[in-house]
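**Student:** Supplied in structure tokens, the structure appears directly below.
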Amino acid sequence: MKAVQYRSVGAAPEVVEIPDPEPGPGQVVVQVTAAGLCHSDLTLMHLPAERLEFPLPMTLGHEGVGTVAALGAGTTGVTIGDSVAVYGPWGCGLCAACAAGRENYCPHAGRLGIRSPGLGAPGALAQFLLVDDVRHLVPFDGLDPVAAVSLTDAGLTPYHAVKWALPALVPGSTAVVIGVGGLGHVAIQLLRALTPARVVALDVNDDKLALAGAVGAHEALVSDESAPAAIRALTGGLGAEAVFDFVGVAATGRIAVASAAAQARVLNVGLGGGAMPMGFMLVPPGMSAYAPYWGTRGDLIEVIALARAGALSVRTETYTLDGAPLAYERLRAGKVTGRAVVLPNC
Ligand code: NAD
Ligand code: ZN
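Numbering (my numbering), first residue to last: 37 to 382.
The structure is reproduced here in structure tokens:
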């Protein structure tokens with residue numbers, strides 16, 4: 037089959053021919069209809085060799101949907117031809133976190149060598165994807181694969197983040213979204229669907245600010261050192277009750293905390309390598325900070341249900357598997373509006 041692989045440290049991704057996966061006992065092979073590209077893939081391909089925690093080459097792609105194509109011995113619960121979305125943060129399946137569906141916080145996965153597809157295990161940027169267990173599949177029938185594949189990360193991650201901030205987002209509150217990319221433009225829609233908060237979006241790119249308004253942000257502001265004062269002006273001097281940083285560089289961490297109200301919930305979602313200040317006199321009184329990772333299995337089921345209800349629209353541009361390296365270049369250059377989605381079997 038054809039696959040897009042990261043083959044050596046620092047090299048560009050390549051389209052290669054590799055053997056089709058064979059499902060072992062309990063496993064499932066999914067024929068991939070759509071796979072989304074995430075900025076985290078670029079971060080991973082930037083890591084120096086000593087920080088890469090798995091061997092190369094590796095097939096990329098941690099957002100995937102498709103149809104069940106083959107079942108390993110004894111696999112039950114799905115049937116050939118079923119339309120499924122893949123839950124990506126794989127845990128051990130046995131600990132308390134996994135039992136609660138919080139496989140994204142399984143404390144044993146790393147030690148046991150359990151890796152997520154596209155983040156150590158073979159990923160979804162291929163014609164076929166090996167899924168280790170039926171519990172990592174969610175029914176996906178009736179949804180458009182292109183429009184909905186990114187619910188598995190660009191939907192799931194902000195959904196998990198917004199749920200944590202919900203208690204702060206009462207009527208009259210303000211939520212700030214920093215970075216209106218794949219995740220951020222879904223976060224704005226989630227905030228509008230799930231809360232009465234006023235939504236203020238920040239970005240450095242005019243196209244992304246226009247997208248913010250198109251998907252429901254009440255205000256769209258340039259992300260620079262003047263942004264916290266603008267947010268205070270919009271909130272009677274108080275600041276925002278929740279701030280979501282989907283960039284995670286030092287500058288956005290400073291903006292996030294400087295824009296926050298007393299008792300705000302502030303989230304560092306982006307992997308930009310920056311740090312947020314934390315400590316008395318450095319942050320507003322009562323502020324909580326959270327660095328969420330992906331989302332729970334239950335969150336994925338819920339965000340798919342929200343999409344089925346028509347509350348979410350992921351903006352996409354589509355590519356063939358051969359076009360995936362170009363799509364990654366466009367993502368790196370900030371030229372993708374919404375999410376780049378690859379159709380591996382077209
Ligand atoms: P993306 O490339 O689609 O979007 C990034 C956006 O940030 C772009 O619109 C860009 O213009 C904007 N931006 C860049 N610098 C900015 C600045 N200084 N201020 C405001 N906006 C700025 O990326 P994505 O795929 O949406 O991912 C967003 C981030 O979230 C990445 O760092 C990614 O690695 C991370 N991520 C984290 C998790 C998690 O579980 N924590 C999951 C998925 C992605
Ligand atoms: Zn991702």
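No residue lacks a Cβ here, since even glycine has one placed at the ideal position from N, Cα and C.
Around the ligand ZN, what residues have a beta-carbon under 6 Å from a heavy atom of it, in chain order?
**Tutor:** Per the Cβ criterion, the list is C74, S76, H98, D189.
**Student:** Is it a yes or a no for the segment 292 to 302 touching the segment 178 to 194, going by three-plus beta-carbon pairs under 8 Å?
**Tutor:** With the cut-off at 8 Å, the segment 292 to 302 and the segment 178 to 194 do not touch.
**Student:** Which residues does DSSP list as the beta-bridge partners of S119?
**Tutor:** The partner list for S119 (beta bridge, DSSP) reads T103.
**Student:** Taking the alpha-carbon of A265 as reference, which of A327, F316, L238, E139 has the nearest alpha-carbon?
**Tutor:** Measuring from the Cα of A265, the nearest candidate turns out to be L238.
**Student:** Compare the C-alpha of R87 against each of V45, Y364, Y141 and name the closest.
**Tutor:** Residue V45 is the option with its Cα nearest to R87.
**Student:** Going by CA-CA distance only, name the one from P321, A109, L96, G359 that's closest to G124.
**Tutor:** When each option's Cα is compared against that of G124, the closest is L96.
**Student:** Could you spell out where the alpha helix (DSSP H) holding D335 opens and where it closes?
**Tutor:** Unbroken alpha helix (DSSP H) run through D335: 333 to 344.
**Student:** Which word fits M29, buried or exposed, when buried means at least 16 other C-beta atoms lie within 10 angstroms of its C-beta?
**Tutor:** No information on residue 29 is available, as it lies outside the stretch 37 to 382 that the chain covers here.
**Student:** Closest to Y364 by CA distance: which of G208, V206, G127, D77 is it?
**Tutor:** Minimum Cα distance to Y364 is reached at D77.
**Student:** So what does DSSP say about D243, is it helix, strand or coil?
**Tutor:** Three-state result, D243: helix.
**Student:** In chain order, which beta strand (DSSP E) runs of at least 3 residues are fully inside the segment 117 to 195?
**Tutor:** You should have 119 to 122, 164 to 167, 173 to 175.
**Student:** Nearer than 8 Å: is that true of the beta carbon of W126 relative to any heavy atom of the ligand MN?
**Tutor:** Only the ligand NAD and the ligand ZN can be found as ligands here, which leaves the ligand MN out of the picture.
**Student:** Please determine, among F280, G308, P320, G289, the residue with the shortest C-alpha to C-alpha distance to A297.
**Tutor:** It is P320 whose Cα lies nearest to the Cα of A297.
**Student:** Could you check if R151 belongs to the surroundings of the ligand NAD, using beta carbon to heavy atom distance under 8 Å?
**Tutor:** Flag unset: Cβ of R151 not near the ligand NAD.
**Student:** Just to check my reading of the structure: I150 and C128 have Cβ atoms closer than 8 Å, yes? What is that Cβ distance to the nearest angstrom?
**Tutor:** Right, their Cβ atoms sit about 6 Å apart.
**Student:** Judging by CA-CA distance, which residue of T354, R366, R333 is the nearest neighbour of Y141?
**Tutor:** Closest option to Y141, Cα to Cα, is R333.
**Student:** Quick check: what's the CA-CA separation for G100 versus A70?
**Tutor:** Looking at the two C-alpha atoms, the distance is approximately 6 Å.
**Student:** Based on the DSSP output, what are the partners of F90 in its beta bridges?
**Tutor:** None; F90 has no bridge partner.
**Student:** Just to confirm, does P328 get its C-beta within under 8 Å of one of the non-hydrogen atoms of the ligand NAD?
**Tutor:** Correct: P328 has its Cβ closer than 8 Å to the ligand NAD.
**Student:** What residues in its chain sit with their C-beta under 8 Å from that of F176, if we drop five residues either side in the sequence?
**Tutor:** Hits under 8 Å: V101, S119, V120, A121, A184, I340.
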